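Asker: Chain order of the listed sequences is A and B.
For the first sequence, the positions run 2 to 262 when this note's numbering is used.
For the second sequence, the positions run 49 to 308 when this note's numbering is used.
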Amino acid sequence: MEPILEVKDLTKKFPQQGKGDFLAVDHISFRLDRGETLGVVGESGSGKTTLAKLVCRLTEPTKGSIRLWGQDITKAKGKQLRKTYQNIQMVFQDPVSSFDPRQTLGAGIGEYLRNAGIAKGEVQARVTKLLEQCGLEAEFARRYPHEVSGGQCQRAAIARALAVKPEILICDEATSALDVTVQRQIMELLWQLRDSQGISYLFICHNLALVQAFCHRVLVMRQGKIVEEGTADEVILHPKTEYARILADSVMETELLVGEP
Amino acid sequence: MEGLLQYRNVKIAFRGRTVIDDVSFALHPGEILGIVGESGSGKSTLLKAAMGLLGSGGKITFGDIFFQGKNIPNLRENELRLIRGAGIGMIFQDAGASLCPVRRVGKQIYESMAAHEKISREQARKKALELFEKLRFPDSRRIWDSYPFELSGGMNQRVGIAAAMLMEPRVLLADEPASALDAAVQKQTIEEMLRLRDMFGTAMIVVTHDMGVASAMADTVLVLKEGRIMEYGRAMQVLRSPKNEYTRNLLTAVYRLRRN
């Protein structure tokens with residue numbers, strides 16, 4: 002399979018006052034294939050979010066390269082950068098704060114469409130269609146972020162990300178703040194998008210059970226480095242490193258729960 | 049059934065809107081009660097009511113909350129102050145944020161201890177470091193002298209729990225104590241709380257939306273939906289063979305790790 006995204010030697014240093022530089026992302030290389038879901042796990046502070054921001058060009062790397070369909074986008078500017086943003090979109094942990102509180106959800110999604118060059122007259126119809134695709138009725142376009150539930154807002158955020166027809170969706174703990182029932186619904190939506198539109202995911206998540214259910218391959222990050230890499234089952238069931246083993250062992254015992262798997 | 053902390057037909061309203069409706073339960077010494085439910089179900093409100101911390105908009109409109117023979121809703125602010133911390137302790141989801149960022153951890157712990165008992169700075173430090181050691185904190189002295197931002201989120205949470213326990217409260221209320229932590233630290237925090245229960249016999253109410261946390265900690269479980277009790281009973285029974293449809297939905301939604 003040809004890689005849609007290829008990351009080589011990616012490094013991000015943050016200068017620290019009075020101390021040496023802090024290596025948030027430390028020489029990371031990986032590839033993402035078309036239609037593949039790549040999970041990223043690791044404790045907080047391990048560099049997962051910085052990695053996500055680097056890949057979608059929200060922050061500048063110190064070193065290394067990012068290739069999208071073979072094209073180097075590490076230093077993309079202007080038109081090429083806008084094109085990159087259309088190919089790679091991000092869904093954040095807190096959907097409410099990812100929308101402008103003074104704008105309706107419809108206006109927030111519409112802005113993406115207009116930026117992508119959709120004619121003004123067409124925007125509303127497209128917003129309705131995107132909301133529908135994500136399981137929301139058209140009237141949600143008129144609501145403000147604080148007027149909807151967390152799950153509904155996350156659906157709108159996914160609709161917004163899909164507005165520019167991206168090929169890669171980066172989900173940074175996209176379901177972590179949601180209740181379990183809502184979490185399952187959002188996961189089913191992401192699943193359905195993968196099947197129907199062939200979207201590739203970089204799926205950052207600290208919930209190993211979810212990663213196991215959804216991801217093809219998994220990267221384990223620690224202190225900015227990839228310490229282990231493999232299929233979800235390899236990493237979770239047969240970890241090679243002590244760190245991955247601790248992660249898997251830390252998952253709360255759920256044997257008490259109904260309906261044994 | 050007389051409990052250490054007892055809710056009787058409690059109703060709570062915010063500006064006339066009922067958010068807790070007819071909730072009764074009893075917490076006994078050494079018992080851990082898990083309150084589970086979705087966001088907005090009223091879990092945190094239930095906890096705050098026991099501390100008299102509903103704020104200006106919230107009111108207990110019906111029912112009683114008895115703690116050691118005293119009815120919390122009838123107490124004046126100065127009486128409540130004697131109960132908060134020393135009688136009923138509380139820890140929050142983000143302990144780091146409940147500590148003042150510009151003052152050292154030790155200073156803040158000393159201050160909270162001194163508010164409840166006559167204690168010298170040196171005695172407070174000794175007592176705290178003893179507990180830190182028991183909980184196997186790495187480098188207890190350094191933690192005592194640190195600012196909160198110099199500690200990790202997990203360490204701040206452990207410090208918050210230890211600080212609450214230093215007052216030796218009979219009841220500890222914990223609002224999502226492990227939710228903001230990653231799995232390894234979460235497990236450690238939960239084991240620590242269980243050890244504290246064994247050491248001090250503290251009764252705890254743990255509010256969580258995480259069924260894994262509830263099943264790892266709780267002796268009894270109360271399922272809350274829109275302010276009403278859906279199910280209340282022994283953890284084994286509620287989590288393994290729930291009688292209520294809503295509990296069942298909640299449990300089947302959880303993604304579970306395959307171990308083979």
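Using N, Cα and C, we set each Cβ at its ideal position, and we do this for glycine too.
This one's a predicted model, so the numbers in the text were calculated from it and none came from an experiment.
Taking 8 angstroms as the threshold (C-beta atoms), are ILE80 of chain B and VAL254 of chain B in contact?
Answerer: Against a cut-off of 8 angstroms, the Cβ pair of ILE80 of chain B and VAL254 of chain B comes out as a contact.
Asker: Name, please, each residue of chain B whose Cβ falls closer than 8 angstroms to the Cβ of ARG127 of chain A.
Answerer: What ARG127 of chain A touches in chain B: nothing, since even the nearest Cβ is about 31 angstroms away.
Asker: What is the rounded straight-line gap between the Cα of PHE110 of chain B and the Cα of GLU50 of chain B?
Answerer: CA-to-CA, the gap between PHE110 of chain B and GLU50 of chain B works out to about 19 angstroms.
Asker: Check this for me: beta carbons of THR232 of chain A and ARG223 of chain A, under 8 angstroms apart or not?
Answerer: No. Outside cutoff.
Asker: Excluding the 5 residues preceding and the 5 following LYS241 of chain A in the sequence, name in chain order all residues of the same chain whose CB lies nearer than 7 angstroms to its CB.
Answerer: The beta carbon of LYS241 of chain A sits closer than 7 angstroms to the beta carbons of GLU229 from its chain, once the five residues preceding and following it are set aside; these are given in chain order.
Asker: Just to confirm my understanding: we take VAL259 of chain A, look at its own chain, exclude 5 residues before and 5 after, and list those with CB closer than 7 angstroms. What are they?
Answerer: At VAL259 of chain A the pLDDT is 49, less than 50, meaning the model places this residue with poor confidence; the figure from the coordinates comes in the next sentence. If we look at VAL259 of chain A and ignore the five residues flanking it on each side, it has no Cβ neighbours.
Asker: Can you tell me whether ARG68 of chain A is helix, strand or coil according to DSSP?
Answerer: strand
Asker: For the beta strand (DSSP E) holding GLN54 of chain B, just list the boundary residues, first then last.
Answerer: 53–62
Asker: State yes or no: is the C-beta of ILE83 of chain B within less than 8 angstroms of the C-beta of LEU272 of chain B?
Answerer: yes
Asker: Give me the residue from A:GLU123, A:VAL212, A:GLU140, A:GLN87 with the minimum Cα distance to ARG161 of chain A.
Answerer: A:GLN87
Asker: Which full runs of the alpha helix (DSSP H) of 4+ residues lie inside the stretch 95–143 of chain B, going along the chain?
Answerer: 125–131
Asker: Which residues in chain A sit within 7 angstroms of ASP230 of chain B, going by Cβ to Cβ distance?
Answerer: GLU44, SER45, HIS207
Asker: With DSSP as the reference, label ARG304 of chain B as helix, strand or coil.
Answerer: coil
Asker: Does any C-beta atom of chain A lie closer than 8 angstroms to the C-beta of MET252 of chain B?
Answerer: With respect to chain A, the C-beta atom of MET252 of chain B has no partner C-beta closer than 8 angstroms.
Asker: DSSP three-state label for LEU229 of chain B, please.
Answerer: coil
Asker: Compare the C-beta of ASN308 of chain B with all C-beta atoms of chain A and state if any pair is closer than 8 angstroms.
Answerer: yes
Asker: Chain A beta carbons: is any one of them nearer than 8 angstroms to that of ALA97 of chain B?
Answerer: no
Asker: Can you give me the Cβ contacts of GLY21 of chain A inside the same chain, cut-off strictly under 6 angstroms, excluding the 5 residues immediately before and after it?
Answerer: none
Asker: Could you tell me the alpha carbon to alpha carbon distance between PRO262 of chain A and THR300 of chain B, rounded to whole angstroms?
Answerer: Here the model assigns PRO262 of chain A a pLDDT of 40, short of 50, so the residue's position is not dependable, and the following value carries that caveat. Between PRO262 of chain A and THR300 of chain B, the C-alpha separation is close to 10 angstroms.
Asker: Hey, does ASN297 of chain B have any beta-carbon neighbour from chain A nearer than 8 angstroms?
Answerer: yes
Asker: Measuring only the C-alpha atoms, how far is MET99 of chain B from MET252 of chain B?
Answerer: 14 angstroms
Asker: Where does the unbroken beta strand (DSSP E) through THR268 of chain B begin, and where does it stop?
Answerer: Note, THR268 of chain B: beta strand (DSSP E), 268–273.
Asker: Under the rule that 16 or more other beta-carbon atoms within 10 Å means buried, what is TRP192 of chain B, buried or exposed?
Answerer: buried
Asker: Which value, in whole angstroms, describes the spacing of the CA atoms of LYS182 of chain B and GLY249 of chain B?
Answerer: 15 angstroms
Asker: Using a beta-carbon distance below 8 angstroms, is MET241 of chain B in contact with chain A?
Answerer: no
Asker: Hey, SER251 of chain A and ALA231 of chain B are a contact pair by Cβ (cut 8 angstroms); roughly how many whole angstroms apart?
Answerer: 4 angstroms
Asker: Taking C-alpha atoms, which residue in B:ARG206, B:HIS257, B:GLU279, B:GLY275 lies nearest to ARG243 of chain B?
Answerer: B:ARG206
Asker: By how many angstroms is the C-alpha of TYR294 of chain B removed from the C-alpha of THR85 of chain A?
Answerer: 44 angstroms
Asker: Leaving out five residues on either side along the sequence, give the residues of the same chain with a beta carbon under 6 angstroms from the beta carbon of VAL67 of chain B.
Answerer: ILE60, GLY90, THR93, GLY275
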